[in-house]
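Undergrad: Note that this note's numbering has the sequence shown beginning at 1196, numbered continuously upward.
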Amino acid sequence: MTHIRPELETYDLIITVLDTASIFEGKETAYRYDLPAAGIRDGWAMPAIIEQTQKLLNPGWPDVTIGIDAATDVTEQLIRALACEGASATAIDDFMEEPLPDGIPGPVVDLGVQPPTTMFPPQRLVPSAAESKSRRQSKLTVYGLYAAMVLVVVGVCLVSWWAVSTDQSAAVPPAPAADSARETAASQRITPATVPPEAPTTRYEYGHVALRLPAGFRVEDGPKPGLFRAIGTDENLRVLVAIDPLFDADPAAVVTELETLIANEEVMTKVKPLGIGRGPEIGYQETPGDGSGVLWVAWVDGEHLFSVGCQTRNGVWTIPQKSICRQAAESLEILTTPTSGGV
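What follows is the structure, encoded as structure tokens:
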């Protein structure tokens, strides 16, 4: 006997998220006890949620309709993450407050595992651009040339930390101990020490951009043409950069459009800019909904819009991380002769 919820007449798959597990109900049913609601809220469970959903809905993925049966905040995060992958998802009103009773019939295809004991996710942080999808559309109707420029730096799907991860099945929860990033920043503030000499930097050239970063970084394509990312030894940090031509657009109008987008996007908050001395700056913070956070700074210089994003996996920025991003913003320039990469 196959257990089928009435809602399956409307949805190709229903995802129910409880405090202790996630349940996937469609033509087949999967119980994932390693994917609780807390994991979705914190971001580490999202890659496995997407992977399990795609597995159950192939070969029709992503042209599917998914129902989400979960708490409001979890539902919103799942809808956003699935939209980033091109799938349609909506909320189911009758959220189940209690776990399902034991013995629900149905073909169980994946019982998951017990809560994992590995405390730090061994995910690969940098997938190829071909493995990343960007299908997000702006909530606002923006005009012509401005949209092409502004969406590079404000697309939620573009910077979602976990949405671009390719080793999704390896995602496990981070340590529940005190936030090490906050501790690191605090210790740096209170420990008296002699200011060390400034570390040498390396000039990186990639595509049509050039910038200076500490040695050991690599620069590569981001998930959308025109967006690049730099990654170093700190696995919790990504530096995102973009330089977009204004074409015939008025610089003041571009700035106004960007400020309007920030003001109307729920996941964005205007913040104090870095103050890098490259003209009027716009600073804003983006929370993609996967646990990560991005501090953006954007400015118009000549005929181009420059953007630098400082993304951390936990949405907390240490002093060293901020200094690296400031370094990138202060040195970012456009190359008249694009390169294929390298230093």
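Even glycine gets a Cβ: it sits at the ideal position worked out from N, Cα and C. Fair warning: this is a prediction, and the values are worked out from it, not measured in the lab.
Could you name the residues of the same chain whose beta carbon sits closer than 8 Å to that of Ala-1325, not counting the 5 residues immediately before and after it, in chain order?
TA: As a first step, residue 1325 must be located in the sequence shown, where it is residue number 130. Since pLDDT at Ala-1325 reaches only 35, below the 50 mark, its modelled position is unreliable, and no value is offered.
Undergrad: Should Glu-1476 go down as buried or exposed, given a rule of 16 or more other Cβ atoms within 10 Å for buried?
TA: Locating residue 1476 in the sequence shown gives position 281, where the first residue counts as 1. Burial call: buried.
Undergrad: Report the rounded CA-to-CA distance for Arg-1319 versus Trp-1239, giving the unit in angstroms.
TA: If you number the sequence shown from 1, residue 1319 lands on position 124. If you number the sequence shown from 1, residue 1239 lands on position 44. With a pLDDT of only 30 at Arg-1319, under the threshold of 50, the placement of this residue in the model should not be trusted, and no figure is reported.
Undergrad: Hey, Val-1269 and Ile-1235 are a contact pair by Cβ (cut 8 Å); roughly how many whole angstroms apart?
TA: To locate residue 1269, count along the sequence shown from 1; it is residue 74. To locate residue 1235, count along the sequence shown from 1; it is residue 40. That pair is a contact at about 5 Å.
Undergrad: In whole angstroms, give me the CA-to-CA distance for Gln-1383 and Ile-1514.
TA: Position 188 of the sequence shown holds residue 1383. Position 319 of the sequence shown holds residue 1514. At Gln-1383 the pLDDT is 43, less than 50, meaning the model places this residue with poor confidence and gives no usable figure here.
Undergrad: Report the residue ranges of all beta strand (DSSP E) runs contained in full by the segment 1400-1446; include only those spanning at least 3 residues, in chain order.
TA: Runs of the beta strand (DSSP E) inside the segment 1400-1446: 1413-1416, 1422-1426, 1432-1440.
Undergrad: Using alpha carbons as the reference points, say which of Pro-1231, Ser-1487, Tyr-1206, Glu-1525 lies closest to Leu-1406.
TA: For the purposes of this step, residue 1406 is taken as residue 211 along the sequence shown, with counting starting at 1. Among Pro-1231, Ser-1487, Tyr-1206, Glu-1525, the Cα nearest to that of Leu-1406 belongs to Glu-1525.
Undergrad: Just checking my contact of Gln-1506 with Arg-1433 at CB under 8 Å: how many whole Å lie between their CB atoms?
TA: By one-based count along the sequence shown, residue 1506 stands at place 311. By one-based count along the sequence shown, residue 1433 stands at place 238. The pair is a contact, with the Cβ atoms about 4 Å apart (cut-off 8 Å).
Undergrad: Indicate the three-state DSSP secondary structure (helix, strand or coil) for Val-1541 in the structure shown.
TA: No answer is possible for residue 1541: it lies beyond the span of the chain, which begins at 1196 and ends at 1538.
Undergrad: If contacts are defined as beta-carbon pairs under 8 Å, then Gly-1504 and Trp-1512 qualify, I think. What distance do you get, rounded to the angstrom?
TA: Here residue 1504 corresponds to residue number 309 of the sequence shown, with the count starting at 1. Here residue 1512 corresponds to residue number 317 of the sequence shown, with the count starting at 1. Not really, about 12 Å apart at Cβ, beyond 8 Å.
Undergrad: Taking C-beta to C-beta, are Ile-1263 and Ala-1282 nearer than 8 Å?
TA: The count along the sequence shown starts at 1 and reaches residue 1263 at position 68. The count along the sequence shown starts at 1 and reaches residue 1282 at position 87. Contact flag unset, no.
Undergrad: Count the C-beta pairs between the segment 1210-1224 and the segment 1248-1259 that are closer than 8 Å, then say yes if the count reaches three, no if not.
TA: Counting Cβ pairs under 8 Å, three or more are found: they touch.
Undergrad: What three-state label does DSSP hand Glu-1223 in the structure shown?
TA: Within the sequence shown, the letter at position 28 stands for residue 1223. Correct three-state label for Glu-1223: coil.
Undergrad: Going by the beta-carbon positions, is the gap between Gly-1411 and Thr-1428 smaller than 8 Å?
TA: Taking the sequence shown and counting its residues from 1, one reaches residue 1411 at position 216. Taking the sequence shown and counting its residues from 1, one reaches residue 1428 at position 233. Their beta carbons are under 8 Å apart, which means Gly-1411 touches Thr-1428 by this criterion.
Undergrad: What does DSSP give as the partner residue(s) for Cys-1505 in the beta ladder?
TA: Your numbering for residue 1505 matches position 310 in the sequence shown. Val-1434, Leu-1490, per the DSSP bridge assignment.
Undergrad: For Ala-1265 and Val-1495, I'd like the C-alpha separation in whole angstroms.
TA: Looking up residue 1265 in the sequence shown gives position 70. Looking up residue 1495 in the sequence shown gives position 300. If I take the Cα positions, the gap works out to 42 Å.
Undergrad: Taking the straight line between their C-alpha atoms, what separation do you get for Phe-1501 and Val-1489?
TA: Within the sequence shown, the letter at position 306 stands for residue 1501. Within the sequence shown, the letter at position 294 stands for residue 1489. Rounded to whole angstroms, Phe-1501 to Val-1489 spans 16 Å at the Cα level.
Undergrad: Among Trp-1256, Ala-1493, Glu-1280, which one has its Cα closest to the Cα of Arg-1473?
TA: Locating residue 1473 in the sequence shown gives position 278, counting from the first residue. Nearest of Trp-1256, Ala-1493, Glu-1280 to Arg-1473, Cα basis: Ala-1493.
Undergrad: Candidates Gly-1484, Glu-1528, Val-1259, Glu-1280: which alpha carbon is nearest Glu-1460's?
TA: Reading the sequence shown from its first residue, position 265 is the one you call residue 1460. Checking every option, the nearest Cα to that of Glu-1460 belongs to Gly-1484.
Undergrad: For a test of the three-state rule: what should DSSP assign to Glu-1461, helix, strand or coil?
TA: Translated into positions along the sequence shown, residue 1461 becomes position 266. It is coil, neither helix nor strand.
Undergrad: Who pairs with Glu-1476 in a beta bridge, going by DSSP?
TA: If you number the sequence shown from 1, residue 1476 lands on position 281. Paired residue(s): Trp-1494.
Undergrad: Report the three-state DSSP secondary structure of Ala-1284 (helix, strand or coil).
TA: On the sequence shown, residue 1284 is found 89 positions in, with the first residue counted as 1. Of the three classes helix, strand and coil, the one that applies to Ala-1284 here is strand, per DSSP.
Undergrad: What would DSSP say about Leu-1213, mapped onto helix, strand or coil?
TA: Position 18 of the sequence shown, counted from the first residue, corresponds to residue 1213. Correct three-state label for Leu-1213: coil.
Undergrad: Less than 8 Å between the C-beta atoms of Ala-1444 and Gly-1421, yes or no?
TA: As a working mapping, residue 1444 is identified with position 249 in the sequence shown. As a working mapping, residue 1421 is identified with position 226 in the sequence shown. No, they are not a contact pair.
Undergrad: Roughly how many whole angstroms lie between the Cα atoms of Ile-1462 and Thr-1451?
TA: For the purposes of this step, residue 1462 is taken as the residue at position 267 of the sequence shown. For the purposes of this step, residue 1451 is taken as the residue at position 256 of the sequence shown. Correcting the residue identity first, residue 1462 is Val in this sequence and not Ile. Whole-angstrom Cα-Cα distance: 18 Å.
Undergrad: Taking only the alpha-carbon atoms, compute the straight-line gap between Leu-1408 and Asp-1214 and give it to the nearest angstrom.
TA: Reading the sequence shown from its first residue, position 213 is the one you call residue 1408. Reading the sequence shown from its first residue, position 19 is the one you call residue 1214. Between Leu-1408 and Asp-1214, the C-alpha separation is close to 42 Å.
Undergrad: In whole angstroms, give me the CA-to-CA distance for Pro-1231 and Ser-1217.
TA: Against the sequence shown, residue 1231 aligns to sequence position 36. Against the sequence shown, residue 1217 aligns to sequence position 22. Distance between the alpha carbons of Pro-1231 and Ser-1217: 6 Å.
Undergrad: Per DSSP, which one or two residues make a beta bridge with Val-1466?
TA: Against the sequence shown, residue 1466 aligns to sequence position 271. Per DSSP, Gly-1478.
Undergrad: Identify the continuous beta strand (DSSP E) that holds Pro-1533 and give its terminal residues.
TA: Locating residue 1533 in the sequence shown gives position 338, where the first residue counts as 1. Here the beta strand (DSSP E) through Pro-1533 covers 1528-1534.
Undergrad: With DSSP as the reference, label Thr-1205 as helix, strand or coil.
TA: Counted from its first residue, the sequence shown places residue 1205 at position 10. Correct three-state label for Thr-1205: coil.
Undergrad: Using the beta-carbon count (16 or more within 10 Å), is Arg-1227 buried or exposed?
TA: Counted from its first residue, the sequence shown places residue 1227 at position 32. With 16 or more other Cβ atoms within 10 Å, it is buried.
Undergrad: Take the Cβ of Asp-1229 as the centre, count every other Cβ of all protein chains shown within 10 Å, and call the residue buried at 16 or more, exposed below.
TA: As a first step, residue 1229 must be located in the sequence shown, where it is residue number 34. It counts as buried.
Undergrad: Have a look at Ile-1209, Val-1259, Thr-1464, Asp-1439 and flag the residue whose alpha-carbon is nearest the alpha-carbon of Ile-1287.
TA: For the purposes of this step, residue 1287 is taken as the residue at position 92 of the sequence shown. Of Ile-1209, Val-1259, Thr-1464, Asp-1439, the residue nearest in Cα terms is Ile-1209.
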